[in-house]
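Following: one structure in structure tokens, then a few remarks.
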Amino acid sequence: DAGVIQSPRHEVTEMGQEVTLRCKPISGHNSLFWYRQTMMRGLELLIYFNNNVPIDDSGMPEDRFSAKMPNASFSTLKIQPSEPRDSAVYFCASSLRQSNTGELFFGEGSRLTVL
Amino acid sequence: AQKVTQAQTEISVVEKEDVTLDCVYETRDTTYYLFWYKQPPSGELVFLIRRNSFDEQNEISGRYSWNFQKSTSSFNFTITASQVVDSAVYFCALSEDLTGDYKLSFGAGTTVTVRA
Numbered sequence: 001d002a003g004v005i006q007s008p009r010h011e012v013t014e015m016g017q018e019v020t021l022r023c024k025p026i027s028g029h030n031s032l033f034w035y036r037q038t039m040m041r042g043l044e045l046l047i048y049f050n051n052n053v054p055i056d057d058s059g060m061p062e063d064r065f066s067a068k069m070p071n072a073s074f075s076t077l078k079i080q081p082s083e084p085r086d087s088a089v090y091f092c093a094s095s096l097r098q099s100n101t102g103e104l105f106f107g108e109g110s111r112l113t114v115l
Numbered sequence: 116a117q118k119v120t121q122a123q124t125e126i127s128v129v130e131k132e133d134v135t136l137d138c139v140y141e142t143r144d145t146t147y148y149l150f151w152y153k154q155p156p157s158g159e160l161v162f163l164i165r166r167n168s169f170d171e172q173n174e175i176s177g178r179y180s181w182n183f184q185k186s187t188s189s190f191n192f193t194i195t196a197s198q199v200v201d202s203a204v205y206f207c208a209l210s211e212d213l214t215g216d217y218k219l220s221f222g223a224g225t226t227v228t229v230r231a
């Protein structure tokens with residue numbers, strides 16, 4: 001079975017540009033999480049969805065960040081406009097809520113560099 | 116407040132030495148789960164183990180072992196006879212049922228370097 005698939009793996013952009021990160025969760029999983037990893041702050045939960053509905057977006061840093069999950073097999077995290085401090089590795093993870101263990105399956109991450 | 120504390124930032128050992136990673140957590144829930152994830156230099160997060168709050172049995176898997184003590188809110192991880200391939204960042208994480216959904220809170224991670 002395919003794991004969580006993220007794209008792009010690497011993105012280099014200039015300040016002010018729009019960035020869209022994409023995620024395909026594991027088929028059958030009904031919870032999806034976006035995490036950000038930086039040296040300063042470690043792994044932070046940005047937002048998570050359950051059955052395609054955003055449940056908790058309290059970790060989203062600013063209005064420049066938005067996330068959508070239009071269907072069970074696809075999610076996007078958008079930054080507009082991007083800033084150098086957004087440079088980080090963004091991980092998408094999925095899980096099966098019925099398992100209620102919190103075990104997450106992570107994608108390989110999208111490394112974003114904003115110049 | 117930090118829910119998961121990994122006090123050791125970096126540990127460096129010589130191959131074949133044992134290394135123990137400390138993890139202390141904080142929660143008010145009676146039902147929770149604890150995890151260890153490994154992040155090798157390639158960057159992906161690899162699941163190592165999950166423990167639920169009702170199971171305090173220690174666990175051994177090959178060269179890896181885990182010691183869960185509720186009395187001290189600790190979930191420590193030991194690598195026996197370390198190898199160079201064990202070099203990675205190791206994260207301890209806590210999953211609490213706060214809203215009916217379990218979310219992972221990660222510690223800051225411990226970087227383990229195993230020298231040949």
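Going line by line, the protein sequences match chains A and B.
Here the numbering used here is used: the first residue of the first sequence is 1, the next is one more, and so on.
Here the numbering used here is used: the first residue of the second sequence is 116, the next is one more, and so on.
Yeah, the Cβ is synthetic: ideal placement off N, Cα and C, and Gly gets one too.
None of these values were measured; they are calculated from a predicted model.
Using a 10 angstroms sphere on the CB of I175/B, the tally of other CB atoms stays under 16, which defines it as exposed.
Excluding the 5 residues flanking it on each side, V161/B has same chain C-beta neighbours closer than 6 Å at K153, in chain order. Looking from the CA of Y35/A, the closest CA among H29/A, E103/A, Y48/A belongs to Y48/A.
Inter-residue distance for S95/A and K24/A is about 12 Å (C-alpha atoms, whole angstroms).
Restricting attention to F105/A, M69/A, S58/A, the CA atom closest to the CA of A2/A is found in F105/A. Residue pairing from DSSP places V161/B in a beta bridge opposite K153/B. Annotation: the segment 14-74 of chain A contains no complete segment of the alpha helix (DSSP H) (minimum length 4 residues).
DSSP places T193/B in the strand class (E or B) of the three-state scheme. Taking a beta-carbon distance threshold of 7 Å, G109/A counts as an interface residue toward chain B. E14/A sits away from L77/A, with the two beta carbons spaced by 7 Å or more. In the structure shown, K185/B falls within a helical segment according to DSSP collapsed to helix, strand and coil. Under the Cβ criterion (8 Å, minimum of three pairs), the segment 138-152 of chain B counts as touching the segment 166-182 of chain B. Rounded to the nearest angstrom, the gap between the Cα atoms of E11/A and A72/A is 25 Å. Setting aside the 5 residues that flank it on each side, T20/A is surrounded in the same chain by T76, K78, each with a C-beta closer than 7 Å to its C-beta; the list follows chain order. Taking a beta-carbon distance threshold of 7 Å, L32/A does not count as an interface residue toward chain B.
For E125/B, DSSP records a beta bridge to T226/B.
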